[in-house]
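Q:
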Amino acid sequence: MSLARFIAAAPKAELHVHLEGAIRPETLLVLARRNHVSLPADDAAGLRRWFTFTSFARFVEVYVTIARCLRTAADYELIVTAFAAEQARQNVRYVEATFSPSMHHTLGVPRAEWTAGLRRGRERALSEYGVRINWIFDIVRDRTAVARGDSDVTLAAALDGMADGVVALGLGGTEPGNPPEVFAPYFERARTAGMHSVPHAGELAGPESVWGALRVLGAERIEHGVRAIDDPVLVAHLARTGIALDICPTSNLRLGVVPSLAQHPLPALLAAGVPVTINSDDPPLFNTTLLDEAALLAEPFGLALSAVRDILLNGVRHSFLPAAEKQSLLATHAAEMDTLARGVNGEA
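See the structure below:
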């Protein structure tokens with residue numbers, strides 16, 4: 000068995016993937032026709048071309064257009080179950096998927112609709128596909144949105160959703176000009192209620208954004224965080240405290256965070272002892288999958304089997320599962336990987 004086949008067959012967990020950004024063209028067509036929404040293309044091939052990343056503005060346009068196709072509980076149930084089917088195809092067993100309540104609120108979808116759809120979809124994901132999904136509800140970072148009360152909408156939905164799998168509060172959206180400090184009160188309330196903190200930081204802004212997420216938001220993982228490499232003191236801090244970076248290499252390339260994969264800081268962060276996980280972010284919008292991202296660990300990053308195994312297991316180690324469930328899943332994944340590894344170039 001080759002390393003590539005090991006990666007494909009290995010059990011996985013994914014911690015940084017946006018539900019709305021994981022809707023595939025075929026599913027989007029069903030939603031658009033169901034809800035009479037006009038799209039820039041009327042077939043899957045045309046939508047894939049439209050999805051092609053050309054600028055951040057286009058990315059936002061595509062994202063919002065996708066969201067406009069969601070109207071009813073059945074729509075949300077469909078996207079969750081379609082997402083679970085795709086995750087199962089890639090041998091993903093556990094996911095912490097990000098969802099943006101304020102976007103749907105702004106588009107006029109009643110909270111009861113998406114709450115019911117997410118709940119039913121999550122139940123079906125486990126029963127039909129063996130994929131356990133927990134949620135990260137993220138605040139869309141925008142000072143105007145704060146003034147409108149959108150962040151309050153997200154926090155309220157997250158707190159109420161804890162019984163239905165919401166495990167963390169996130170922070171996404173436009174990073175430059177919207178520092179973490181603005182959102183400190185929301186994260187304080189979430190953490191007091193027992194939720195975890197996992198903001199985006201250090202993607203389109205520099206190390207100061209990561210420091211803010213750590214010091215002010217109490218971040219337990221950092222979504223992206225690759226710009227931490229610009230600050231050796233921060234890198235040492237992440238390594239010492241064991242705070243993981245949820246890294247999405249193709250997303251970083253498409254958004255211009257790195258000029259090429261050959262210059263991606265993942266190997267340097269690993270060498271410095273920073274724990275990382277591998278993730279797809281918005282897979283169809285960046286023309287990737289979790290399998291594609293994991294394959295990059297072998298080429299071009301050139302990691303050996305043991306390092307690839309460790310990173311894949313980090314998806315469980317740094318999850319927000321309860322301790323006992325985490326240890327059980329970690330043991331199961333490790334045992335399966337060890338069996339697979341014996342067939343990789345004769346390695347044990």
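The numbering of the sequence shown is numbering that gives the first Met the number 0, which starts it at 0 and goes up by one.
Each residue gets a CB set at the ideal place from its N, CA and C atoms; glycine is no exception.
If you draw a straight line from the alpha carbon of V165 to that of P282, how long is it in whole angstroms?
A: Along the sequence shown, one-based indexing puts residue 165 at 166. Along the sequence shown, one-based indexing puts residue 282 at 283. The alpha-carbon atoms of V165 and P282 are separated by roughly 22 Å.
Q: Could you give the first and the last residue of the continuous beta strand (DSSP E) run that contains P198?
A: For the purposes of this step, residue 198 is identified with residue 199 of the sequence shown, where counting begins at 1. Looking at the DSSP string, the run of the beta strand (DSSP E) that includes P198 is 195-200.
Q: Do F5 and A340 have their CB atoms nearer than 8 Å?
A: The count along the sequence shown starts at 1 and reaches residue 5 at position 6. The count along the sequence shown starts at 1 and reaches residue 340 at position 341. Cβ distance < 8 Å, so F5 and A340 count as in contact.
Q: Just to confirm before moving on: does the CB-CB distance between N251 and H263 stay below 8 Å?
A: As a first step, residue 251 is located in the sequence shown; it is residue number 252 there, counting from the start. As a first step, residue 263 is located in the sequence shown; it is residue number 264 there, counting from the start. Their beta carbons are under 8 Å apart, which means N251 touches H263 by this criterion.
Q: Which of the three DSSP states, helix, strand or coil, is assigned to R140?
A: The residue given as residue 140 occupies position 141 in the sequence shown. Strand at R140.
Q: DSSP beta-bridge partners for A243?
A: Mapped onto the sequence shown, residue 243 falls at position 244. R220, per the DSSP bridge assignment.
Q: Could you work out which residue in F52, P10, L284 is closest to A334 when comparing CA atoms only?
A: Looking up residue 334 in the sequence shown gives position 335. Ranking the options by Cα distance to A334, first place goes to P10.
Q: Given a cut-off of 8 Å, decide if I138 and Y185 are closer than it, judged by their beta-carbon atoms.
A: Walking along the sequence shown from the start, residue 185 turns up at place 186. Walking along the sequence shown from the start, residue 138 turns up at place 139. For Y185 and I138, yes; Cβs fall inside 8 Å.
Q: Please report the distance separating the alpha-carbon of A323 from that of V59.
A: By one-based count along the sequence shown, residue 323 stands at place 324. By one-based count along the sequence shown, residue 59 stands at place 60. Approximately 39 Å between the Cα atoms of the pair.
Q: Which same chain residues, not among the five before or five after L302, have their C-beta less than 6 Å away from its C-beta?
A: Against the sequence shown, residue 302 aligns to sequence position 303. Answer for L302: L296, listed in chain order.
Q: Just verifying my parser: in three-state terms, what is the DSSP assignment at I135?
A: Walking along the sequence shown from the start, residue 135 turns up at place 136. Here I135 sits in strand by DSSP.
Q: Taking the alpha-carbon positions, what's the L233 to E222 distance?
A: Here residue 233 refers to the residue found at position 234 of the sequence shown. Here residue 222 refers to the residue found at position 223 of the sequence shown. If I take the Cα positions, the gap works out to 15 Å.
Q: Quick check on H35: does DSSP put it in helix, strand or coil?
A: In the sequence shown, counting from the first residue as 1, residue 35 sits at position 36. Three-state DSSP puts H35 in coil, outside helix and strand.
Q: Across which residues does DSSP place H17 in a beta bridge pair?
A: As a first step, residue 17 must be located in the sequence shown, where it is residue number 18. Paired residues: T97.
Q: Tell me the DSSP secondary structure of A156 in three-state form.
A: For the purposes of this step, residue 156 is taken as residue 157 along the sequence shown, with counting starting at 1. If DSSP states are grouped into helix, strand and coil, A156 belongs with the helices.
Q: By a C-beta neighbour count over all protein chains shown, 10 Å radius and 16 as the cutoff for buried, is F98 buried or exposed?
A: Residue mapping note: residue 98 aligns to position 99 of the sequence shown, counting from 1. Flag for F98 reads buried.
Q: What number of angstroms, rounded off, separates the C-alpha of R421 from the C-alpha of P274?
A: Because the chain spans 0 through 347 in this model, residue 421 falls outside it and cannot be assessed.
Q: Relative to the C-alpha of L30, which candidate in I78, A83, R57 has its C-alpha closest?
A: Stepping through the sequence shown from its first residue, residue 30 is reached at position 31. Per the Cα distances, I78.
Q: Three or more C-beta pairs closer than 8 Å, one from the segment 122-133 and one from the segment 163-182: is that the case here?
A: The answer is yes - the segment 163-182 touches the segment 122-133, with three or more Cβ pairs under 8 Å.
Q: Given that a residue counts as buried once 16 or more other Cβ atoms are within 10 Å of its Cβ, and exposed if not, what is S54?
A: Locating residue 54 in the sequence shown gives position 55, counting from the first residue. Result: exposed.
Q: Using the C-alpha atoms, what's the distance from R119 back to L69?
A: Counting from 1 along the sequence shown, the entry for residue 69 is found at position 70. Counting from 1 along the sequence shown, the entry for residue 119 is found at position 120. Straight-line Cα distance between these residues: approximately 15 Å.
Q: Does the contact criterion of 3 or more C-beta pairs under 8 Å hold for the segment 93-107 versus the segment 13-20?
A: Yes: at least three Cβ pairs fall under 8 Å.
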